[in-house]
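Here is the structure we will look at.
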Ligand SMILES: NC(=O)c1ccc[n+]([C@@H]2O[C@H](COP(=O)([O-])OP(=O)(O)OC[C@H]3O[C@@H](n4cnc5c(N)ncnc54)[C@H](OP(=O)(O)O)[C@@H]3O)[C@@H](O)[C@H]2O)c1
C-alpha cells in the first residue's frame, strides 16, 4: 500500500477532548490533516482546537444519547460530503461489580458509547468514506478484548465486541470496497484519565497517538502498541497465563 497522505485528509476523531483522542488530534493537525474533533466537553474541545497547530473543526456530541452518532453523521454530511478517515476512540470504562453495582443504565451507557456508537458511525459514514481514494476506519481496542479483567466486565465485552466487529467489517469491505483500510489499534496502558490512580506502567498519550498514526501510515490491519505485542504472543502460546495476567488488573 502507498504511504498514507495526511495533508488535507479529513479525519473524524471521537473522544477528542482529552486523553489519547486529544493527542491524536494534535498529531494529525501537525501532519496537515483537517481534523473533525468530537466530544462532550465543548470547553475542552475548543481548547484542543486552539492548541492544535493546524485545522481542527469541533462538534459537541454525547455518544450515549440515542441520536448521538446520527448527529455526527449529519454534521459531516452537511459540512463536508466526504471524509478520509474515522477514528473510533471514545470509550468509558466503569468498574462494575454484579449484581448490585451494575445498574441497567450503567450497562447501557457503556455498551452504547463503546460499541453501538462506533458501529453506527461506521454505518453512517461508510458512503462518505467510500468517496475518498484511500480511506480508513480505525477502531481503538485493548488487550482486554482478548481476555477480560474481573472488575470491568462490560468494558471488556465491548472491546471484545469491537475487535470482532472490526474483523468482520474487514471481511465485508474486501468484497466491494477494497480501497478502504479497516484497522484495529490495540492500546497498551496509557497515562490518561482511564488509568489515573492505578499503580501501573504506562506510555504517554502522545506516544500512543504517534504509534496509532504510524500503524495507519503503514496500512496495517492491526496495530499492536507497546506491551500489547508481547501480550499477544503470550496469549497465543499460553492463553491460561494471559488470562491470569489480566484477570486481577
Ligand atoms: N488509557 C488506557 O490505558 C487504554 C488502554 C487500552 C485501551 N484504551 C482505549 O483508548 C481509547 C481512549 O482512551 P483514553 O485512555 O484516552 O480515555 P479517557 O482519557 O478516559 O478519554 C475518553 C474519551 O472518551 C470520551 N467519552 C466518554 N464517554 C463519552 C460519551 N458519552 N460521549 C462522547 N464521548 C465520550 C471522553 O469524553 P468526556 O471527557 O466527555 O468524558 C474522552 O474524550 C478508548 O477507546 C480506550 O478504551 C485506553
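In this note's numbering, the protein residues as written are 290 to 538.
By construction, the Cβ of each residue, glycine as well, lies at the ideal position given by its N, Cα and C atoms.
- In this structure, ligand 1 has a non-hydrogen atom nearer than 8 Å to the beta-carbon of residue 432.
- In the structure shown, residue 360 adopts helical secondary structure according to DSSP, grouped into three states.
- Counting only the Cα atoms, residue 384 lies some 8 Å from residue 442.
- Counting C-beta pairs with one atom in each stretch, the stretch 446-463 and the stretch 338-357 have fewer than three that are closer than 8 Å, which means they do not touch.
- Here residue 452 is not near residue 422, since their CB atoms are 9 Å or more apart.
- Taking residue 382 as the centre and dropping the five residues before and after it, the same chain places the C-beta of 441, 444, 483 closer than 6 Å to its C-beta, in chain order.
- Cβ neighbours of residue 435 within its own chain (closer than 6 Å, five residues either side excluded): 524.
- As computed with DSSP, residue 389 is found in no beta bridge at all.
- In the assembly as shown, residue 420 is an exposed residue. Its beta-carbon has fewer than 16 other beta-carbons within 10 Å.
- Look at residue 326 here: in three-state DSSP terms it is strand.
- Beta-bridge partners of residue 429 (DSSP): 474.
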